[in-house]
Amino acid sequence: MKILVPVKRVVDYNVKVRVKADGSGVDLANVKMSMNPFDEIAVEEAVRLKEAGIATEVVAVSCGVAACQETLRTAMAIGADRGILVETDADLQPLAVAKLLKALCDKEQPQLVICGKQAIDDDANQTGQMLAALQNWPQATFASKVVIADGKATVTREIDGGLETLAISLPAVVSTDLRLNEPRYATLPNIMKAKKKPLDTVKPADLGVDVTPRLTTLKVSEPAKRSAGVRVADVADLVNKLKNEAKVI
Amino acid sequence: MAILVIAEHDNAALKAATLNTVAAAQKIGGDIHVLVAGADCAAAAQQAAQLQGVATVKVADAAHYAAQTAENLTALVIAQAAGYSHILAPATTFGKNLAPRVAALLDVAQISEITAVESADTFVRPIYAGNALATVKSADAVKVITVRTTAFDAIGTGGSAPVEAIAPAADTAQSQLQNRELTKSERPELGAAKIIVSGGRGLGSGENYHQLLEPLADKLGAALGASRAAVDAGFVPNDYQVGQTGKIVAPQLYLAIGISGAIQHLAGMKDSKVIVAINKDPDAPIFQIADYGLVADLFEAVPQLAAAVG
Ligand SMILES: Cc1cc2nc3c(=O)[nH]c(=O)nc-3n(C[C@H](O)[C@H](O)[C@H](O)COP(=O)(O)OP(=O)(O)OC[C@H]3O[C@@H](n4cnc5c(N)ncnc54)[C@H](O)[C@@H]3O)c2cc1C
Ligand SMILES: Nc1ncnc2c1ncn2[C@@H]1O[C@H](COP(=O)(O)O)[C@@H](O)[C@H]1O
Numbered sequence: 003m004k005i006l007v008p009v010k011r012v013v014d015y016n017v018k019v020r021v022k023a024d025g026s027g028v029d030l031a032n033v034k035m036s037m038n039p040f041d042e043i044a045v046e047e048a049v050r051l052k053e054a055g056i057a058t059e060v061v062a063v064s065c066g067v068a069a070c071q072e073t074l075r076t077a078m079a080i081g082a083d084r085g086i087l088v089e090t091d092a093d094l095q096p097l098a099v100a101k102l103l104k105a106l107c108d109k110e111q112p113q114l115v116i117c118g119k120q121a122i123d124d125d126a127n128q129t130g131q132m133l134a135a136l137q138n139w140p141q142a143t144f145a146s147k148v149v150i151a152d153g154k155a156t157v158t159r160e161i162d163g164g165l166e167t168l169a170i171s172l173p174a175v176v177s178t179d180l181r182l183n184e185p186r187y188a189t190l191p192n193i194m195k196a197k198k199k200p201l202d203t204v205k206p207a208d209l210g211v212d213v214t215p216r217l218t219t220l221k222v223s224e225p226a227k228r229s230a231g232v233r234v235a236d237v238a239d240l241v242n243k244l245k246n247e248a249k250v251i
Numbered sequence: 198m199a200i201l202v203i204a205e206h207d208n209a210a211l212k213a214a215t216l217n218t219v220a221a222a223q224k225i226g227g228d229i230h231v232l233v234a235g236a237d238c239a240a241a242a243q244q245a246a247q248l249q250g251v252a253t254v255k256v257a258d259a260a261h262y263a264a265q266t267a268e269n270l271t272a273l274v275i276a277q278a279a280g281y282s283h284i285l286a287p288a289t290t291f292g293k294n295l296a297p298r299v300a301a302l303l304d305v306a307q308i309s310e311i312t313a314v315e316s317a318d319t320f321v322r323p324i325y326a327g328n329a330l331a332t333v334k335s336a337d338a339v340k341v342i343t344v345r346t347t348a349f350d351a352i353g354t355g356g357s358a359p360v361e362a363i364a365p366a367a368d369t370a371q372s373q374l375q376n377r378e379l380t381k382s383e384r385p386e387l388g389a390a391k392i393i394v395s396g397g398r399g400l401g402s403g404e405n406y407h408q409l410l411e412p413l414a415d416k417l418g419a420a421l422g423a424s425r426a427a428v429d430a431g432f433v434p435n436d437y438q439v440g441q442t443g444k445i446v447a448p449q450l451y452l453a454i455g456i457s458g459a460i461q462h463l464a465g466m467k468d469s470k471v472i473v474a475i476n477k478d479p480d481a482p483i484f485q486i487a488d489y490g491l492v493a494d495l496f497e498a499v500p501q502l503a504a505a506v507g
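Line by line, the protein sequences give chains A and B. Residue numbering for the first sequence follows my numbering, beginning at 3 and increasing consecutively. Residue numbering for the second sequence follows my numbering, beginning at 198 and increasing consecutively.
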């Protein structure tokens, strides 16, 4: 069974981004970029399935600028077998990424796609569901446990009220939640090995996909700032303020 | 222009998030139709009919909607989509699971977690864990949107819209629900609570979390929440998590206890009206956004607080 893992290059989760003064976007100059944390979890899960003898090959895919090669190398250092870069400088929205991934699925014929539930830059939480729709495959989003057996996936999902378990036929799309696993640290030998693994590059046009954005960002602004309030001396002071000043209890 | 709101419900009753979603639909303007798809869901449909501003309720009642799987609901929404300019769902795990699937089959973008409506085609949504707000304009014929519930005040009741039965779509049989473990609680729902008592890694253990925070929450009639660290450590179930990737809340009062205030946590609670932080580290980032900060050992302060508010 082949597993495809889409990995996105995003601003590192430790960075607090700044909105540009002209409102055109956020300032990404010289900001640390990393693999989307949910995608690291996805790669880890796919690699574990390979180590367990369930998957035969793990293919990482990244769509975006040439620097996404680094993201693919990171995926290969965790254990992905090869990488595919869909290279473009265009602004990619989830529908476009889903279409690119669909084209690759048609070519690569994976039995399972494991993606992140959400990219921490656009916070869209869409791409996996869109890909599943375009493929007419079942989906199991927000996974905290995945078991593959007898040609189906049994997936525990984190939902608002608690947990639910779905059985879905394969091929399918699974999206990862935070508690699915804890990704390993890539060791130096594995980082070196990853440099020699195959990495193919294609363009959206090679895949016959029109990636023109459907949404135009008119402006990006800073949210209303919350300023620090006061320090209270002790619990009695706090209760007094909550009762008589804020009037919330 | 007509707007289709996809109701979130458990067959017996509407989820509160549906009321906020209808409120967002009103801001867009146009006839509002609510789709209730479920199994034996007449009670939920009746509730939808009583919401203010709703013109029609469409009900698809069939066994294969009991589990609310994205595959079956999408097939139904697509069959109903003609004539609607907007399709709205709440930005809950329910809506987030469903809306992108619908959008992809309509070949349109999906607009996630809107917090404001500027016009029928322009919306505001947070990006980068709420550190920026993007105003986006859609060029698509149909706008498929999820609504951040805390940004729109729930719609009232008192309406009496007609309820119309519609034909279910075929069962796709792609996905089977095997089990659902819902957290049982007598407390208010996190999303709807006026007061939230939230605990972090500083509590040290699940035992401490329950022993210290439950009496306080009981006295305040509050819901319980948690940071990711507290959930990861197994203190409480996953659905307690507040943050960028958990629940977004905006209560009147949010008490952050033993929580440092990582960006990802702030993303979920910084729109609360009043924020209290109790933390022994005076430099904890949570103090930068807290209205009232108490630098103290929570093991001493929380029992005192529970006693004082009683
Ligand atoms: C992709 C991604 C998504 C994430 N999503 C979320 C999310 O949705 N929600 C979320 O919360 N986090 C999220 N996180 C995690 C986040 O980055 C932080 O790791 C997490 O919020 C920390 O939780 P915490 O404040 O409980 O723990 P810590 O940061 O360890 O803070 C514990 C605090 O307790 C205080 N403390 C300890 N003992 C005491 C005592 N006796 N009395 C008083 N104070 C005490 C300490 O001073 C400290 O400030 C996410 C991270 C990533 C990478
Ligand atoms: N440009 C991209 N390249 C590769 N994978 C992506 C890309 N954008 C999104 N994804 C995948 O889709 C998931 C959800 O992203 P989003 O829908 O943008 O929140 C991510 O966690 C990735 O697994």
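Virtual Cβ for every residue (Gly too), placed ideally from N, Cα, C.
Out of curiosity, what's the CA-to-CA distance linking residue i and residue j?
i, j, result
"residue 253/B", "residue 345/B", "23 Å"
"residue 231/B", "residue 16/A", "41 Å"
"residue 332/B", "residue 221/B", "16 Å"
"residue 414/B", "residue 238/A", "18 Å"
"residue 349/B", "residue 488/B", "23 Å"
"residue 341/B", "residue 412/B", "43 Å"
"residue 136/A", "residue 109/A", "14 Å"
"residue 119/A", "residue 482/B", "27 Å"
"residue 290/B", "residue 165/A", "11 Å"
"residue 455/B", "residue 424/B", "9 Å"
"residue 452/B", "residue 473/B", "5 Å"
"residue 499/B", "residue 251/B", "45 Å"
"residue 343/B", "residue 190/A", "43 Å"
Below 6 Å CB to CB, which residues in the same chain sit around residue i once its five sequence neighbours on both sides are set aside?
i, result
"residue 372/B", "266, 268"
"residue 363/B", "255, 257"
"residue 146/A", "158, 160, 179, 181, 182"
"residue 79/A", "188, 192, 193, 196"
"residue 490/B", "474, 484"
Checking the sheet assignment: what are the DSSP bridge partners for residue i?
i, result
"residue 202/B", "231/B, 285/B"
"residue 178/A", "118/A, 145/A"
"residue 474/B", "453/B, 490/B"
"residue 376/B", "167/A"
"residue 499/B", "None; residue 499/B has no bridge partner."
"residue 59/A", "4/A"
"residue 396/B", "423/B, 454/B"
"residue 65/A", "88/A"
"residue 322/B", "331/B"
"residue 358/B", "Note: residue 358/B sits in no beta bridge, so no partner."
"residue 307/B", "341/B"
"residue 217/A", "335/B"
Are residue i and residue j closer than 8 Å when you measure CB to CB?
i, j, result
"residue 87/A", "residue 203/A", "yes"
"residue 116/A", "residue 7/A", "yes"
"residue 92/A", "residue 12/A", "no"
"residue 89/A", "residue 105/A", "no"
"residue 467/B", "residue 388/B", "no"
"residue 392/B", "residue 450/B", "yes"
"residue 241/A", "residue 286/B", "no"
"residue 216/A", "residue 288/B", "no"
"residue 322/B", "residue 311/B", "yes"
"residue 334/B", "residue 318/B", "yes"
"residue 41/A", "residue 9/A", "yes"
With a threshold of 7 Å on Cβ separation, who are the neighbours of residue i within its own chain once the five nearest residues in sequence on each side are excluded?
i, result
"residue 1/A", "With chain A represented from 3 up to 251, any question about residue 1/A goes unanswered, as that position is not in the structure."
"residue 493/B", "475, 477"
"residue 71/A", "87, 201"
"residue 172/A", "113, 114, 153, 154, 155"
"residue 143/A", "119, 130, 131, 159, 177"
With a threshold of 8 Å on Cβ separation, who are the neighbours of residue i within its own chain once the five nearest residues in sequence on each side are excluded?
i, result
"residue 34/A", "13, 14, 16, 17"
"residue 58/A", "3, 4, 52"
"residue 185/A", "42, 43, 45, 46, 80"
Inset, instruction - With 7 Å as the C-beta to C-beta threshold (strictly closer), list the residues of the region 486 to 499 of chain B near chain A in chain order. - result: 486, 487, 488, 489, 490, 491, 492, 498
Inset, instruction - Report the residues of the region 93 to 123 of chain A with a CB closer than 8 Å to any CB of chain B, ordered along the chain. - result: 95, 96, 97, 100, 119, 120, 122, 123
Legend entry - Positions along the region 274 to 297 of chain B whose CB lies within less than 9 Å of some CB in chain A: 288, 289, 290, 291, 293, 294, 295, 296, 297
Inset, instruction - Can you give me, in chain order, the residues of the region 426 to 448 of chain B that have a beta carbon less than 8 Å from any beta carbon in chain A? - result: 428, 429, 434, 435, 436, 441, 442, 444
Inset, instruction - Would you list, in chain order, the members of the region 160 to 173 of chain A that have their beta-carbon closer than 9 Å to a beta-carbon of chain B? - result: 160, 161, 162, 163, 164, 165, 166, 167, 168, 169, 170, 171
Legend entry - Under 8 Å (Cβ pairs) to chain A, residues found in the region 447 to 471 of chain B: 449, 450, 460, 461, 467, 470, 471
Inset, instruction - Give the residues from the region 321 to 345 of chain B that approach chain A closer than 9 Å (Cβ to any Cβ), ordered along the chain. - result: 321, 322, 323, 324, 325, 326, 327, 328, 329, 330, 331, 332, 333, 334, 335, 336, 337, 343
Legend entry - Chain-ordered residues of the region 227 to 242 of chain A with a beta carbon less than 7 Å from chain B: 228, 230, 231, 232, 233, 234, 237, 238, 240, 241
Inset, instruction - Could you list the residues in the region 129 to 148 of chain A with a C-beta less than 9 Å from some C-beta on chain B, going in chain order? - result: 129, 130, 131, 132, 133, 134, 135, 136, 138, 139, 140, 141, 142, 143, 144, 146
Legend entry - Against chain A: residues of the region 355 to 386 of chain B by CB proximity under 7 Å: 371, 372, 373, 374, 375, 376, 377, 378, 379, 380
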